[in-house]
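Notes follow the structure.
Number of protein chains: 2
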Amino acid sequence: MTAKDLSHLLSIEAKTRRPSPLKTAFKYYGKPDIVFLGGGLPMSDYFPWDKVLAYSPEPPFADGIAAKPTEGKAVISELHKHKIEEFDVPLARSLQYGHTEGQPELLKFVKEHTALIHKIPNEEWDVVLSVGNTQAWDATLRTFCDPGDSILVEEYSFPSALETASPFQVDYVPVPMDNGGIIPEKLEELFENWDASNKKPKLLYTIATGQNPTGSSLSAERREAIYKIACKHDFLIVEDEPYYFLQMNDYKQGASEDPKHSYDEPKQTHEEFLAALVPSFSHLDTEGRVVRLDSFSKVLAPGVRLGWIVAQKKLLERYVRLHEVSIQTPSGFTQSLVQGLLGRWGQSGYVDWLIALRKEYTIKRDFTIDVLHKNMPKDVVEFFPPSAGMFFTVVLDASKHPDFKTKFASDPIKVETAIYEAGLEKGCLMIPGSWFQSPNFKPHDNTFFFRGTYAAVPLDQLKVGLERFGEAVKTVYGL
Amino acid sequence: MTAKDLSHLLSIEAKTRRPSPLKTAFKYYGKPDIVFLGGGLPMSDYFPWDKVLAYSPEPPFADGIAAKPTEGKAVISELHKHKIEEFDVPLARSLQYGHTEGQPELLKFVKEHTALIHKIPNEEWDVVLSVGNTQAWDATLRTFCDPGDSILVEEYSFPSALETASPFQVDYVPVPMDNGGIIPEKLEELFENWDASNKKPKLLYTIATGQNPTGSSLSAERREAIYKIACKHDFLIVEDEPYYFLQMNDYKQGASEDPKHSYDEPKQTHEEFLAALVPSFSHLDTEGRVVRLDSFSKVLAPGVRLGWIVAQKKLLERYVRLHEVSIQTPSGFTQSLVQGLLGRWGQSGYVDWLIALRKEYTIKRDFTIDVLHKNMPKDVVEFFPPSAGMFFTVVLDASKHPDFKTKFASDPIKVETAIYEAGLEKGCLMIPGSWFQSPNFKPHDNTFFFRGTYAAVPLDQLKVGLERFGEAVKTVYGL
Numbered sequence: 001m002t003a004k005d006l007s008h009l010l011s012i013e014a015k016t017r018r019p020s021p022l023k024t025a026f027k028y029y030g031k032p033d034i035v036f037l038g039g040g041l042p043m044s045d046y047f048p049w050d051k052v053l054a055y056s057p058e059p060p061f062a063d064g065i066a067a068k069p070t071e072g073k074a075v076i077s078e079l080h081k082h083k084i085e086e087f088d089v090p091l092a093r094s095l096q097y098g099h100t101e102g103q104p105e106l107l108k109f110v111k112e113h114t115a116l117i118h119k120i121p122n123e124e125w126d127v128v129l130s131v132g133n134t135q136a137w138d139a140t141l142r143t144f145c146d147p148g149d150s151i152l153v154e155e156y157s158f159p160s161a162l163e164t165a166s167p168f169q170v171d172y173v174p175v176p177m178d179n180g181g182i183i184p185e186k187l188e189e190l191f192e193n194w195d196a197s198n199k200k201p202k203l204l205y206t207i208a209t210g211q212n213p214t215g216s217s218l219s220a221e222r223r224e225a226i227y228k229i230a231c232k233h234d235f236l237i238v239e240d241e242p243y244y245f246l247q248m249n250d251y252k253q254g255a256s257e258d259p260k261h262s263y264d265e266p267k268q269t270h271e272e273f274l275a276a277l278v279p280s281f282s283h284l285d286t287e288g289r290v291v292r293l294d295s296f297s298k299v300l301a302p303g304v305r306l307g308w309i310v311a312q313k314k315l316l317e318r319y320v321r322l323h324e325v326s327i328q329t330p331s332g333f334t335q336s337l338v339q340g341l342l343g344r345w346g347q348s349g350y351v352d353w354l355i356a357l358r359k360e361y362t363i364k365r366d367f368t369i370d371v372l373h374k375n376m377p378k379d380v381v382e383f384f385p386p387s388a389g390m391f392f393t394v395v396l397d398a399s400k401h402p403d404f405k406t407k408f409a410s411d412p413i414k415v416e417t418a419i420y421e422a423g424l425e426k427g428c429l430m431i432p433g434s435w436f437q438s439p440n441f442k443p444h445d446n447t448f449f450f451r452g453t454y455a456a457v458p459l460d461q462l463k464v465g466l467e468r469f470g471e472a473v474k475t476v477y478g479l
Numbered sequence: 001m002t003a004k005d006l007s008h009l010l011s012i013e014a015k016t017r018r019p020s021p022l023k024t025a026f027k028y029y030g031k032p033d034i035v036f037l038g039g040g041l042p043m044s045d046y047f048p049w050d051k052v053l054a055y056s057p058e059p060p061f062a063d064g065i066a067a068k069p070t071e072g073k074a075v076i077s078e079l080h081k082h083k084i085e086e087f088d089v090p091l092a093r094s095l096q097y098g099h100t101e102g103q104p105e106l107l108k109f110v111k112e113h114t115a116l117i118h119k120i121p122n123e124e125w126d127v128v129l130s131v132g133n134t135q136a137w138d139a140t141l142r143t144f145c146d147p148g149d150s151i152l153v154e155e156y157s158f159p160s161a162l163e164t165a166s167p168f169q170v171d172y173v174p175v176p177m178d179n180g181g182i183i184p185e186k187l188e189e190l191f192e193n194w195d196a197s198n199k200k201p202k203l204l205y206t207i208a209t210g211q212n213p214t215g216s217s218l219s220a221e222r223r224e225a226i227y228k229i230a231c232k233h234d235f236l237i238v239e240d241e242p243y244y245f246l247q248m249n250d251y252k253q254g255a256s257e258d259p260k261h262s263y264d265e266p267k268q269t270h271e272e273f274l275a276a277l278v279p280s281f282s283h284l285d286t287e288g289r290v291v292r293l294d295s296f297s298k299v300l301a302p303g304v305r306l307g308w309i310v311a312q313k314k315l316l317e318r319y320v321r322l323h324e325v326s327i328q329t330p331s332g333f334t335q336s337l338v339q340g341l342l343g344r345w346g347q348s349g350y351v352d353w354l355i356a357l358r359k360e361y362t363i364k365r366d367f368t369i370d371v372l373h374k375n376m377p378k379d380v381v382e383f384f385p386p387s388a389g390m391f392f393t394v395v396l397d398a399s400k401h402p403d404f405k406t407k408f409a410s411d412p413i414k415v416e417t418a419i420y421e422a423g424l425e426k427g428c429l430m431i432p433g434s435w436f437q438s439p440n441f442k443p444h445d446n447t448f449f450f451r452g453t454y455a456a457v458p459l460d461q462l463k464v465g466l467e468r469f470g471e472a473v474k475t476v477y478g479l
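Protein chains in written order, with the UniProt record's numbering: chain S, 1 to 479; chain V, 1 to 479.
Structure follows, in C-alpha cells:
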C-alpha cells in the first residue's frame, strides 16, 4: 500500500526549511580522484577515546533484569575507532559529524525491530533517530503546527507534553476518556459539532498504551475506530509510546501474596509474547498518517536520550532537515554503546529483555493492586489494574464525602487538595489528577483521582506508602 | 558588576513557557519521611550497563594528540552505576531522568574552565549544557526571535547557521567584513542609516574566532568597539565559538620546510598560553548581553554532541525551560564519559590538551600557506594565514581575468564557477565563497574567494590538492 500525500499538513516552518547548499559538494566526498578540502571535520585521530568497553547482562536474563553481570556471564561491548564486529558503530564514525538520520547499523536494528513488532501496512514507512520522545514531540509540533492551529489531546495528559505545545500557540481540543482511554464515539461527536468557521485539528496526540496519567490502554477496537476517524477528518495520529513494552500479564487478585505463584508460568514463546501485544496505530496505518514516537527511555535507560520516529518517508524528510539545524543526531557514544549492546543481544536477545522487563512490572503492578485492595476504603474509592505502563490511579467520588456540599462547596478539586495534603502529612505523595487536565478540560462528574507509580520504588516502600495514602483518604472522608 | 535586565528581548515563545506543574511535587523527592509515588522513573537497577571503561591519552601528550594510548600510559575512565571517584558522574544518575542544566560534576568543570579562560566581569553569568552549538543556536533563536525580527549576521557566514534562522522568518542584516572580520565602523553606519520605522535587530550572530568561511578572527580592539555598539543599540551578541581553542602561533613563511623548525619552541607555560588567547566577547560582558555558544566538537569530538551556553542567569533560565520540553539534557553516556576524562585530566591536563591541539593545527596551517605560496599565481590571488580555526581562503580578483567583461559578462561569480569546475576536473574540491553569502548580501568589488580546510586531510593530500587547485586557477586565467 502506498502512503497518501499529506504535505498540506506541514507547518510554515517545515515548508520553509531548505537543505544546506554545502550538501551539493558532499557528493564528491570520499571519491578517490578528488582531494576534498570542503568539510570542516576534525580528524578522528584526534578524538581522545581510543577504546570503550561496556559490561551488560546476558540473555535470557534468567535471574531477572536487575541481576548484575558476573565474570563469564556478561555481554562485553568492545568498541574501537575502527570496526571489529560487523554490527558495531566504530567510534571514528559515531564521534564524527554526519548521519543525521542515525548510524546505519543502529537504524538497521531499529527498523528490523519495528518491522517485527508493527508490520506496518503502507510500504513507505521509515525511521529517523531522535534524542527521546520529548524532543520528537517538539519536532513534530515544529513540523506540523502553526500558531492558531488546533490539536486533539487526551483530556488528561502528560503536563510536559502539553507545555511543549503551549509556546506554539496552538489551541487544545480535549477528547473525553474512560478507563479504556479515548472514547471513539466522543471523538466523532467533536467533529459532528465542529464549528465550520474553525480549521479542523492537525493532529491527535495520544499516549495510547499505559497512558500517563490514567494508566489506561486503548484496545485494538478503539484504535481501529480512532484511525478511521483520522482518515475521515484528515488529521495525523501522533502516538507517543514509551510504555508500549511495559504491557503486562493479566492481573490475578492475591497472586502477589501466594508464595507458589510464578510470574514465569506458563512460559511464553517469543511468538506468543509478540502476538499478545496490543496492535499499535502504526500497525493500522494504511494511509501513512501515523507518526510513532518510540523510545529506549523506559526499556533501557532514560539518560541514553535515544528514541526513533516512525512515519512515512516524505514526512520524515522534514524531520531530517530540522535535525540538521538543531540536534544534528543523537550522541555518538549513545549510538555506539546502544548498538554495541543490541548487536550483541540480537533481535532475539532484545525480546528476551522485553519479556524479562514485563515480568518485573507485572510483579510490581500485582503487588500494588493487592495492597490497594487491602488498604483503600471501597465505598469511596475505585481502582483498575492497568494493563501497561508505570502508572496506576485511585479514583474517588467527591459526592460521597459527607461535607461535599458544605465544607467543599461542591468542588471535587477541593476534596482532592485535602487528600493530597493529608497524604503528605501521613508521609506519601501521589499526584492529584487535576494537575493533568488539559487546557479547555470540562469535568464529567464529581469524581477525581490520584496518579501513583510502582516503577521507581521497591515493594516494601510501595506497601508503606499506600497504607499511608489509605489512611489519608479515610481521615479526610471521616471513615 | 550586575547584569542588565534584558527580558524585553525575549521572544513570545520564550515568554510563553511555563515550568511543569509536577515540579512543585518534586521538592518532596528524596525526603526520608515521604514515600514518593510521584515520578515515572525506571529503577536504575534495570539499566543494562553495569560498568563502562574508556581508554584515553595521558597528559602532557608529549607524542602529540594523535598518539594512541599504550599500556601503562593511558587514562582509564572506569564508570559504575555508583560513584567511585568524587568527580565522576555515576551511571545510575547520568542514565536517569533529571539535571536538565547538566550533571553537577560536569557543570562544575565547565564553569571553572569558563572562569579561568574568560574572566567574565558581570557576576550573574552561568552555564547550561547544550547538545552542541547548532542546537544552542536554534535554542537562541527560539528564545529571542519572533517572525519579522531582524538579526545581524556576518556578510559571509556558515550556511547551516543561516538555514537554522530562516524558518523563524527573521530578516537578515549583513555586516560588512574585511580580513579582520566585522568592520565596527560599518556596523555603526548600519545603525546611523537605520530606517526608524523598522525595529532594531535583536542580536548579532558572529563566529568571532577562526570564522567560517573566511578564517578571520576579530581583534581585541574590534571586539571592544562592537560590544560598545551592542550596548548603545541594545542588541545581544551571540558568539558561536567552536574554533576558539584553535588559535595558532604566528605564521612564519617556510617554517614547514625547515627540518630544524620546532613547533614546540619556545615552550609556553599555561599562563602564557592563556594570556595569548584573544579576549572573548564574554570577557567584555559588563552588561550581560553576550550569549556564548561553546562546544567540545572541535576540541574533543563532534559526535559527543556536547556544548555549553554561557550567559546571564535570567536569560539562561529560559533555555532551561526550553530544554525541559525538547532535548531534556545531553546524553548521559556523553556526560559520564566526557566528565570521566576531564575529571582525570583536570583543568591543567585539559590545557595541556588544548596546547597540543594548537600545535597540530599550527603545523597544518603553516604547511598549507607554504604550499599556497608555491602554487598560486600571485598576480590574481591573495591569501592570508588565518590565526585560528580550520579554514583558509584564497581570494581572487575577477577583473584581472582578460575575458572578464566579455566571456564572464563582468560577473565575478561566473569566474568563480569556472574555477570550481576546473578544480573538480583537476581533482580538488574547494568551496566557492559565494555559497556563504548571507541573504541581502551586497558585493563590494570584483573579488571572490574559495574556502578550504586543512583540518580533515593529512599533509601529503593537502599538497596534492592545492597543487591541483593552483593548476585550475592558472588554466581558467590562461596563465
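Ideal Cβ positions, reconstructed from N, Cα and C, are used throughout, including at glycine.
Q) Would you report the Cα separation of V380 of chain V and V304 of chain V, rounded to the nearest angstrom? A) The sequence position of residue 380 of chain V within the second sequence is 380, counting from 1. The sequence position of residue 304 of chain V within the second sequence is 304, counting from 1. Their backbone Cα atoms lie some 42 Å apart in a straight line.
Q: Quick one: grab the DSSP three-state call for L320 of chain S.
A: Your numbering for residue 320 of chain S matches position 320 in the first sequence. The amino acid occupying residue 320 of chain S in the given sequence is Val; Leu does not appear at that position. V320 of chain S: helix per DSSP, three-state reduction.
Q: Provide the residue span of the alpha helix (DSSP H) that contains V153 of chain S, from first to last.
A: Taking the first residue of the first sequence as position 1, residue 153 of chain S is located at position 153. Premise fails: V153 of chain S lies in the beta strand (DSSP E), 150 to 154, not in any alpha helix (DSSP H).
Q. Smallest Cα separation from A136 of chain V: which of V:F448, V:F281, V:L396, V:Y319?
A. Here residue 136 of chain V is taken as the residue at index 136 of the second sequence, counted from 1. If we check each option's Cα against that of A136 of chain V, V:Y319 comes out closest.
Q.
According to DSSP, is H80 of chain S part of a helix, a strand, or is it coil?
A. Here the question's residue 80 of chain S lines up with position 80 in the first sequence. Of the three classes helix, strand and coil, the one that applies to H80 of chain S here is strand, per DSSP.
Q) In terms of residue numbering, what span does the alpha helix (DSSP H) encompassing K405 of chain S cover? A) Sequence index remark: in the first sequence, residue 405 of chain S carries index 405 (1-based). Annotation: K405 of chain S is outside any alpha helix (DSSP H) and is labelled neither H nor E by DSSP.
Q: Determine the direct distance from the alpha carbon of A66 of chain V to that of residue 481 of chain S, and round the result to whole angstroms.
A: With chain S running from 1 to 479 in the structure shown, residue 481 of chain S is simply not present.
Q | Nearest neighbour of L152 of chain S, chosen from S:R468, S:F87, S:E188 [CA to CA] | A | Position 152 of the first sequence, counted from the first residue, corresponds to residue 152 of chain S. Nearest of S:R468, S:F87, S:E188 to L152 of chain S, Cα basis: S:E188.
Q) Is the CB-CB distance between A220 of chain V and E241 of chain V below 8 Å? A) For the purposes of this step, residue 220 of chain V is identified with residue 220 of the second sequence, where counting begins at 1. For the purposes of this step, residue 241 of chain V is identified with residue 241 of the second sequence, where counting begins at 1. Cβ atoms of A220 of chain V and E241 of chain V: not closer than 8 Å.
Q | Alpha carbon of L91 of chain S to alpha carbon of L79 of chain S, nearest angstrom | A | Numbered from 1 along the first sequence, position 91 holds the residue referred to as residue 91 of chain S. Numbered from 1 along the first sequence, position 79 holds the residue referred to as residue 79 of chain S. Going from the Cα of L91 of chain S to the Cα of L79 of chain S covers about 7 Å.
Q. What does Y55 of chain V reach in chain S if we use C-beta pairs closer than 9 Å?
A. For the purposes of this step, residue 55 of chain V is identified with residue 55 of the second sequence, where counting begins at 1. Those within 9 Å of Y55 of chain V in chain S are W49, D50, K51, V52, L53.
(Q) I want to verify the contact list: residues of chain S whose CB lies under 7 Å from the CB of L37 of chain V, in sequence order. (A) As a working note, residue 37 of chain V is residue 37 in the second sequence. What L37 of chain V touches in chain S: C428, L429, M430, G452, T453, V457, G465.
**Q.** Residues of its chain near N122 of chain S, where Cβ-Cβ distance is below 8 Å and the 5 sequence neighbours each way are ignored
**A.** Indexing the first sequence from 1 puts residue 122 of chain S at position 122. For N122 of chain S, where only same-chain residues beyond five positions count, the Cβ hits under 8 Å are M1, T2, A3, D285, T286, E287, G288, Q312.
Q) Between N375 of chain V and chain S, is there a C-beta pair that is closer than 8 Å? A) On the second sequence, position 375 is the one that residue 375 of chain V refers to. No, no contact with chain S.
Q) Identify the residues that DSSP records as bridge partners of D178 of chain V: which are they? A) Translated into positions along the second sequence, residue 178 of chain V becomes position 178. D178 of chain V is bridged to V:G181.
**Q.** Within chain S, the residues that S331 of chain V reaches when beta carbons sit closer than 8 Å
**A.** Position 331 of the second sequence, counted from the start, is the residue given in the question as residue 331 of chain V. Under the 8 Å cutoff, chain S gives V131, G303, V304, R305, L306, P330, S331, F333, T334.
Q: Report the residue from S:A388, S:P377, S:A409 whose alpha carbon sits nearest the alpha carbon of L396 of chain S.
A: Here the question's residue 396 of chain S lines up with position 396 in the first sequence. When only C-alpha atoms are compared, the closest one is S:P377.
Q) Which value, in whole angstroms, describes the spacing of the CA atoms of M43 of chain S and R93 of chain S? A) Position 43 of the first sequence, counting from 1, holds the residue named residue 43 of chain S. Position 93 of the first sequence, counting from 1, holds the residue named residue 93 of chain S. About 11 Å.
Q: Measure from the C-beta of K359 of chain V to each C-beta in chain S and report whether the shortest distance is under 8 Å.
A: Indexing the second sequence from 1 puts residue 359 of chain V at position 359. It does not: the Cβ of K359 of chain V has no partner Cβ on chain S nearer than 8 Å.
Q | For V371 of chain S and residue 480 of chain S, the rounded distance between their alpha carbons | A | Chain S is shown only over 1 to 479; residue 480 of chain S falls outside these bounds and no answer can be derived.
**Q.** Nonlocal neighbours in the same chain, by C-beta distance under 8 Å from V457 of chain V, ignoring five residues either side
**A.** Residue 457 of chain V sits at position 457 when you count from the first residue of the second sequence. Cβ neighbours of V457 of chain V beyond the five flanking positions: G465.
**Q.** beta strand (DSSP E) segment containing D250 of chain S, residue limits
**A.** Position 250 of the first sequence, counting from 1, holds the residue named residue 250 of chain S. First-last for D250 of chain S: undefined, no H or E at that position.
Q) W308 of chain S by DSSP, collapsed to three states: which one? A) Here residue 308 of chain S refers to the residue found at position 308 when the first sequence is read from its first residue. Strand, per DSSP.
**Q.** CA-to-CA distance, F367 of chain S to L459 of chain S, given in whole angstroms
**A.** On the first sequence, residue 459 of chain S is found 459 positions in, with the first residue counted as 1. On the first sequence, residue 367 of chain S is found 367 positions in, with the first residue counted as 1. If I take the Cα positions, the gap works out to 7 Å.
**Q.** Interface residues of chain S facing M248 of chain V [CB-CB closer than 7 Å]
**A.** By 1-based counting over the second sequence, the position of residue 248 of chain V is 248. In chain order: nothing, as chain S lies at least about 15 Å away.
(Q) Quick check on this structure: which residue in S:F109, S:L306, S:Y28, S:F333 has the alpha carbon closest to the alpha carbon of A54 of chain V? (A) The residue you call residue 54 of chain V lines up with position 54 of the second sequence. If we check each option's Cα against that of A54 of chain V, S:F333 comes out closest.
Q | Inside the segment 206 to 273 of chain V only - beta strand (DSSP E) runs reaching at least 3 residues | A | 236 to 240
Q) Using the beta-carbon count (16 or more within 10 Å), is I182 of chain V buried or exposed? A) Residue mapping note: residue 182 of chain V aligns to position 182 of the second sequence, counting from 1. Counting Cβ neighbours within 10 Å, I182 of chain V comes out buried, since at least 16 surround it.
Q. Which runs of the beta strand (DSSP E) spanning at least 3 residues fall entirely within the segment 99 to 166 of chain V, listed in chain order?
A. 125 to 130, 150 to 154
(Q) I want to know whether the segment 26 to 46 of chain S touches the segment 162 to 175 of chain S - three or more CB-CB distances under 8 Å. (A) no
Q.
Contact defined as beta carbons within less than 8 Å: I believe Y454 of chain V pairs with F384 of chain V. What is the distance between those atoms, to the nearest angstrom?
A. Residue 454 of chain V sits at position 454 when you count from the first residue of the second sequence. Residue 384 of chain V sits at position 384 when you count from the first residue of the second sequence. At roughly 14 Å, the Cβ-Cβ gap does not stay under 8 Å, so Y454 of chain V and F384 of chain V are not in contact.
Q.
Just to confirm the assignment, what range does the beta strand (DSSP E) spanning G452 of chain V have?
A. By one-based count along the second sequence, residue 452 of chain V stands at place 452. That run of the beta strand (DSSP E) goes 447 to 453.
Q.
Using DSSP's beta-bridge definition, name the partner residues of D397 of chain S.
A. Working through the first sequence from its first residue, we reach residue 397 of chain S at position 397. S:T447.
Q: Taking T33 of chain S as the query, report the chain V residues whose CB atoms sit under 7 Å from its CB, ordered along the chain.
A: Taking the first sequence and counting its residues from 1, the one referred to as residue 33 of chain S is at position 33. Contrary to the premise, residue 33 of chain S reads as Asp rather than Thr in this sequence. The answer, in chain order, is G427.
**Q.** Under 8 Å between C-beta atoms of V415 of chain V and F404 of chain V
**A.** Here residue 415 of chain V refers to the residue found at position 415 of the second sequence. Here residue 404 of chain V refers to the residue found at position 404 of the second sequence. Yes, Cβ-Cβ distance for V415 of chain V and F404 of chain V is below 8 Å.
Q) For K199 of chain V versus F235 of chain V, is the C-beta distance shorter than 8 Å? A) On the second sequence, residue 199 of chain V is found 199 positions in, with the first residue counted as 1. On the second sequence, residue 235 of chain V is found 235 positions in, with the first residue counted as 1. No, these two residues do not count as a Cβ contact at 8 Å.
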